[in-house]
Amino acid sequence: MQRSTTTGPGKGKGTSRGRRGFVQTGALVGKRIRGATEKRGFSELRLLTHWTEIAGPDLSRIARPVKVSYARDGFGATLTLLAHGAYGPELDMQLPAIRDKVNACYGYNAIARVRVTQTSSHGFAEDQAGFDGAPPRRPSAPEPDPERLQALDKDLSELSDPGLKAALERLGRNILARK
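Residue 37 in full-length UniProt numbering sits at position 37 of the sequence shown, and the numbers go up by one each step.
Dropping the structure here:
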């Protein structure tokens with residue numbers, strides 16, 4: 001049995017994957033991310049990724065969307081927000097405004113109710129990690145021995161390239177400061 005070596009239209013040109021070229025990362029992982037978020041009820045991924053822009057910076061610091069659950073009657077969904085404990089009553093007063101902002105993200109009245117669940121002040125992962133600013137600076141290293149610095153200068157005096165000489169001098173000073 002003999003195989004044909006000629007290729008017709010659409011035959012033998014390789015897989016479609018080989019002909020695509022470069023693909024954005026978002027296109028490669030989009031289906032998996034969409035599947036994970038849809039398990040929590042989020043058909044609109046923007047609600048999670050752009051929560052600060054949707055809710056505003058003040059509200060996004062105290063509450064995060066957790067789940068969207070759909071009722072059996074089909075008259076809108078319920079958005080569940082996880083809030084810091086002390087901010088629950090404040091969020092209750094803002095529920096209509098939150099619902100309007102979220103529905104503006106969806107483009108239609110997808111959310112009928114907003115439910116607030118409270119957690120401790122350390123309930124969010126960001127708080128558990130704790131960010132207290134930049135770490136304290138280490139004290140500067142003590143000045144190296146003057147005799148060793150003179151020996152370093154003597155060794156580097158024969159170099160003609162000023163850039164190389166400066167780089168080696170910095171390296172030598174750092175090494176001598178640690179001894």
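Backbone N, C-alpha and C define an ideal beta-carbon position, used for all residues, glycine too.
Would you kindly report the start and end of the unbroken alpha helix (DSSP H) that includes residue i?
i      : result
Leu176 : 162-178
Val102 : 95-106
Arg148 : 146-156
Leu47  : 46-49
Run the CB neighbour count on residue i, radius 10 Å, all protein chains shown included, and call it buried at 16 or more, exposed below.
i      : result
Val23  : exposed
Glu55  : Per the sequence shown, residue 55 should be read as Ala rather than Glu. Looking at its Cβ environment, which holds 16 or more other Cβ atoms inside 10 Å, Ala55 is buried.
His50  : exposed
Arg170 : exposed
If residue i and residue j are in contact, beta carbons under 8 Å, what's the gap, nearest whole angstrom?
i      : j      : result
Gly88  : Arg113 : 16 Å between Cβ atoms; not a contact.
Asn103 : Ala97  : Rounded, the Cβ-Cβ distance is 11 Å, inconsistent with contact.
Gln94  : Leu59  : 7 Å
Below 7 Å CB to CB, which residues in the same chain sit around residue i once its five sequence neighbours on both sides are set aside?
i      : result
Gly172 : Leu152
Pro162 : none
Arg46  : Cys105
Lys101 : Ile54, Ala55
Pro146 : none
So, at 6 Å on beta carbons, what are the nonlocal neighbours of residue i in its own chain, with the 5 sequence-adjacent residues on each side left out?
i      : result
Val66  : Thr80, Leu82
Val116 : Leu81, Ala83, Gly88, Leu91
Arg64  : Leu82
Gln118 : Ala83, Gly85, Gly88
Lys154 : none
For the beta strand (DSSP E) holding residue i, just list the boundary residues, first then last.
i      : result
Ala112 : 111-119
Within the same chain, show all residues whose beta-carbon is closer than 8 Å to that of residue i, passing over the 5 residues directly before and after it, in chain order.
i           : result
residue 181 : The chain is shown only over 1 to 179; residue 181 falls outside these bounds and no answer can be derived.
Runs of beta strand (DSSP E) lying entirely within the stretch 51-80, each at least 3 residues, in chain order
63-70
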